[in-house]
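Everything in the sequence shown is counted per the UniProt record's numbering, starting at 1 for the first residue and increasing by one. Glycine included, every Cβ here is placed at the ideal spot set by N, Cα and C. Please read the structure below before turning to the comments.
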Amino acid sequence: MLLKSKKLYKKGIYFTRKPLKSYHSKTSKHILKARKMYKVETIDATKELSLKTGCSIPALAKIINKGEGAYFSSGSRPNQNAQSWGKARLASALTAGKAGAIDFNILMEGCKPGSKGYKNALLAKKKYHHGKRKAPKVKFSI
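Here's what the structure looks like:
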């Protein structure tokens with residue numbers, strides 16, 4: 001089903017994979033951390049989250065869309081959907097996670113300087129740089 005989803009995505013067709021009955025899902029650690037940090041019930045591109053983070057609603061929505069695109073173009077854990085991936089990516093970006101380093105340009109344009117979201121983006125950039133890989137790529141020749 002995963003291969004089917006990736007193949008259809010390349011054709012511009014979005015296919016949501018079926019949930020597994022045997023898998024018990026849990027809330028993302030990024031979502032839990034963001035709820036605690038910003039004292040909000042839902043992590044979404046809402047006015048409440050926008051006010052607490054200091055980031056614009058369009059910037060928050062853009063990060064969610066990137067997360068949804070990542071779901072359709074790559075693998076995922078069972079019982080996940082595009083919306084849950086998008087919200088987890090937003091939560092990770094706002095709590096100085098690796099997504100904050102990857103989506104750094106969106107946060108820099110969409111957040112007020114000195115706001116909590118802006119400061120966490122700077123922390124993520126400092127810690128993860130561009131967030132692409134853990135170790136530098138090395139070529140071996142034998």
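Nearest candidate by alpha-carbon position, reference residue i, set the options
i, options, result
"K92", "A124, K7, C111, T42", "It is worth fixing the name first, because residue 92 is Ser in this sequence and not Lys. Nearest of A124, K7, C111, T42 to S92, Cα basis: A124."
"Y38", "A121, K139, F140, K116", "K116"
"Q80", "K52, L8, K7, L20", "L20"
"K18", "N120, M108, A82", "A82"
"K10", "S73, N65, K119, K66", "S73"
"S22", "A45, T95, K6, R77", "R77"
"L90", "I63, I142, K7, K137", "I63"
"Y118", "E41, F15, L51, K47", "L51"
Within 8 Å, strictly: CB atoms of residue i and residue j
i, j, result
"L49", "L32", "no"
"residue 165", "G54", "Not covered by the structure: residue 165. The range shown for the chain is 1 to 142."
"F104", "A121", "yes"
"S56", "G110", "yes"
"H30", "A88", "yes"
Between the CA atoms of residue j and residue i - distance to the nearest angstrom
i, j, result
"G131", "A70", "15 Å"
"P58", "G86", "14 Å"
"Y128", "A101", "6 Å"
Buried or exposed by the 16-neighbour rule on C-beta atoms within 10 Å, applied to residue i
i, result
"S25", "exposed"
"E68", "buried"
"I106", "buried"
"T27", "exposed"
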